[in-house]
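The structure appears below as structure tokens.
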Amino acid sequence: GLYDSGPKRNLPIPMKRVHEGSIAVFTSRLPDEPREEQRRVVGLFSVGRVGRDPYGSNTLYADPRLRIRFPTAVVRRLHFWDYYRNASGEPKWGSGLFRYLRDDQVARLLSDAHMVLTKVEDKSIVAEMYEAAFGGSIESAPFPCSSYPMREQTPLAVEAVARHKYGGH
Numbered sequence: 011g012l013y014d015s016g017p018k019r020n021l022p023i024p025m026k027r028v029h030e031g032s033i034a035v036f037t038s039r040l041p042d043e044p045r046e047e048q049r050r051v052v053g054l055f056s057v058g059r060v061g062r063d064p065y066g067s068n069t070l071y072a073d074p075r076l077r078i079r080f081p082t083a084v085v086r087r088l089h090f091w092d093y094y095r096n097a098s099g100e101p102k103w104g105s106g107l108f109r110y111l112r113d114d115q116v117a118r119l120l121s122d123a124h125m126v127l128t129k130v131e132d133k134s135i136v137a138e139m140y141e142a143a144f145g146g147s148i149e150s151a152p153f154p155c156s157s158y159p160m161r162e163q164t165p166l167a168v169e170a171v172a173r174h175k176y177g178g179h
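Count along the sequence shown starting at 1, add 10, and that's the number in our numbering.
See below:
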């Protein structure tokens, strides 16, 4: 994107705090869910390379192995605002182009995605992303996230533990 006004008008807006190995999180609102609080995580990639031009613009290149677009059934379970909290505490995107998640938020997102994915290949990609970004296995992801869900729903990891421990009810 470009700055709309001021002395930087028409100059590219650079991404901050992005480097090789960062995890890029793609979000969207589904056509049947137009409200901001319904924003979902639709995919992820590990940054393989960061390109910069003389004007400060960034171009991110995905690691060719560590990228995934989630199936719709998974997208419907991964609410962005369960993993990110802005300064106001409300699910509001505002005017900025980018949001920067903390490591524990990304780790929990990867862990939840791993839990709800059904294809072994997809689970493997997410597990490898976790290992590349944080070291260790995805089972060591932090739980729960320190700034916990705005929607106050039962977290995916808690659901899974309850099902395993007490059956499907």
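A virtual CB, placed ideally from N, CA and C, is assigned to each residue, including glycine.
Note that the structure is a prediction, hence the values are computed from the model and not measured.
Contacting residues, own chain, Cβ-Cβ under 6 angstroms from Tyr93 (five flanking each side not counted): Residue 93 sits at position 83 when you count from the first residue of the sequence shown. Same-chain partners within the cutoff: Gln115 and Leu119.
CB of Val28 within 9 angstroms of CB of Val52, strictly: Within the sequence shown, the letter at position 18 stands for residue 28. Within the sequence shown, the letter at position 42 stands for residue 52. Result no, Cβ atoms of Val28 and Val52 do not sit closer than 9 angstroms.
Cutoff 8 angstroms; reference Ile148; Cβ partners in own chain excluding five residues on either side: Taking the sequence shown and counting its residues from 1, one reaches residue 148 at position 138. Excluding sequence neighbours, Ile148 sits near Leu120, Ser121, His124, Val136, Ala137, Tyr140 and Glu141.
Residues sharing a beta bridge with Ile33, DSSP: Start at 1 with the first residue of the sequence shown, and residue 33 comes out as number 23. According to DSSP, Ile33 bridges with Ser56.
Inter-residue Cα distance where the pair is Asn20 and Pro64: Counting from one through the sequence shown, the residue named residue 20 turns up at place 10. Counting from one through the sequence shown, the residue named residue 64 turns up at place 54. Rounded to whole angstroms, Asn20 to Pro64 spans 14 angstroms at the Cα level.
Nearest neighbour of Leu76, chosen from Phe144, Asp14, Gly16 and Ser134 [CA to CA]: Taking the sequence shown and counting its residues from 1, one reaches residue 76 at position 66. Checked all of Phe144, Asp14, Gly16 and Ser134; the closest Cα to Leu76 is Ser134.
Inter-stretch contact (C-beta, 8 angstroms, three-pair minimum) for the stretch 38–52 and the stretch 87–105: yes
Beta strand (DSSP E) segment containing Arg112, residue limits: For the purposes of this step, residue 112 is taken as residue 102 along the sequence shown, with counting starting at 1. Unbroken run through Arg112: none, as it is neither H nor E.
Cβ-Cβ distance between Val57 and Asp73 below 9 angstroms: What you label residue 57 is simply residue 47 of the sequence shown in a count that begins at 1. What you label residue 73 is simply residue 63 of the sequence shown in a count that begins at 1. Going by C-beta atoms, Val57 is nearer than 9 angstroms to Asp73.
Nearest neighbour of Arg39, chosen from Glu131, Ile33, Arg112 and Lys102 [CA to CA]: Taking the sequence shown and counting its residues from 1, the one referred to as residue 39 is at position 29. Checked all of Glu131, Ile33, Arg112 and Lys102; the closest Cα to Arg39 is Lys102.
C-alpha distance - Leu70 paired with Ser105, whole-angstrom precision: The residue you call residue 70 lines up with position 60 of the sequence shown. The residue you call residue 105 lines up with position 95 of the sequence shown. Approximately 21 angstroms between the Cα atoms of the pair.
C-beta contact flag for Ile33 and Ala143 at 9 angstroms: The count along the sequence shown starts at 1 and reaches residue 33 at position 23. The count along the sequence shown starts at 1 and reaches residue 143 at position 133. Closer than 9 angstroms, so yes.
Of the residues Gly31, Ala83 and Arg112, the one placed nearest Arg59, counting alpha carbons only: Numbered from its first residue, the sequence shown carries residue 59 at position 49. Minimum Cα distance to Arg59 is reached at Gly31.
From Met25, Ser150 and Lys129, residue whose alpha carbon lies closest to that of Gly66: As a first step, residue 66 must be located in the sequence shown, where it is residue number 56. When only C-alpha atoms are compared, the closest one is Met25.
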